[in-house]
Amino acid sequence: MLKRKLFIIGIVLVVLFIFGFLLINTDFYKINKANLLFGKDLCNQNEEEHLEYGLTIVSQYKCRICGKTFSYPSSPTPIICDDCARITHRCQWCGKLKE
Ligand SMILES: [Zn+2]
Ligand SMILES: [Zn+2]
Numbered sequence: 204m205l206k207r208k209l210f211i212i213g214i215v216l217v218v219l220f221i222f223g224f225l226l227i228n229t230d231f232y233k234i235n236k237a238n239l240l241f242g243k244d245l246c247n248q249n250e251e252e253h254l255e256y257g258l259t260i261v262s263q264y265k266c267r268i269c270g271k272t273f274s275y276p277s278s279p280t281p282i283i284c285d286d287c288a289r290i291t292h293r294c295q296w297c298g299k300l301k302e
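For what it's worth, our numbering labels the leading residue of the sequence shown as 204, then goes sequentially.
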């Protein structure tokens with residue numbers, strides 16, 4: 204009987220683990236994380252204005268939302284990746300909301 208209980212607890216833990224992992228990768232999670240990181244202000248600059256002081260060197264940047272590292276052929280680099288910017292409707296350069 205004890206073995207059976209442990210087996211059920213084991214299954215529950217595995218399910219919770221998988222569920223937690225999936226949750227971290229959802230759009231909902233990314234949108235919430237973006238709100239926490241960057242607030243809900245609108246970005247009023249276009250890409251050129253953000254790149255005004257850019258240099259042409261390949262740089263690496265780490266997306267502030269999903270944590271993946273990307274390379275970008277200029278500097279300054281975006282602070283969030285294409286995917287996360289699209290999902291959260293945010294500016295890649297300052298993280299603020301696009302209208
Ligand atoms: Zn990302
Ligand atoms: Zn911006």
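Using N, Cα and C, we set each Cβ at its ideal position, and we do this for glycine too.
Residue i, DSSP secondary structure in three states
i	result
Arg267	coil
Thr229	coil
Leu300	strand
Asn205	Here the sequence assigns Leu to residue 205, which means Asn is not the residue at that position. Reduced to three states, the DSSP call for Leu205 is helix.
Thr272	strand
Leu245	strand
Inter-residue spacing [alpha-carbon to alpha-carbon] between residue i and residue j
i	j	result
Ile211	Tyr275	48 angstroms
Ala288	Gly298	8 angstroms
Glu255	Leu239	27 angstroms
Arg267	Ile282	6 angstroms
Phe222	Val215	10 angstroms
Asp244	Phe231	18 angstroms
Ser262	Ser277	6 angstroms
Gln295	Phe224	25 angstroms
Candidates the options: closest to residue i by CA position
i	options	result
Cys284	Val218, Asn249, Ala237 and Met204	Ala237
His253	Met204, Asp286 and Pro279	Pro279
Gly242	Ile234, Leu219 and Ser277	Ile234
Ile227	Gln295, Gly213 and Gly270	Gly270
Thr229	Lys265, Tyr264, Thr291 and Trp296	Thr291
In DSSP terms, what residue i is bridged to
i	result
Phe220	Note: Phe220 sits in no beta bridge, so no partner.
Arg289	According to DSSP, Arg289 bridges with nothing at all.
Residue i Cβ short of 7 angstroms to ligand 4 heavy atom set
i	result
Lys299	With respect to small molecules bound, the structure shown includes ligand 1 and ligand 2 and not ligand 4.
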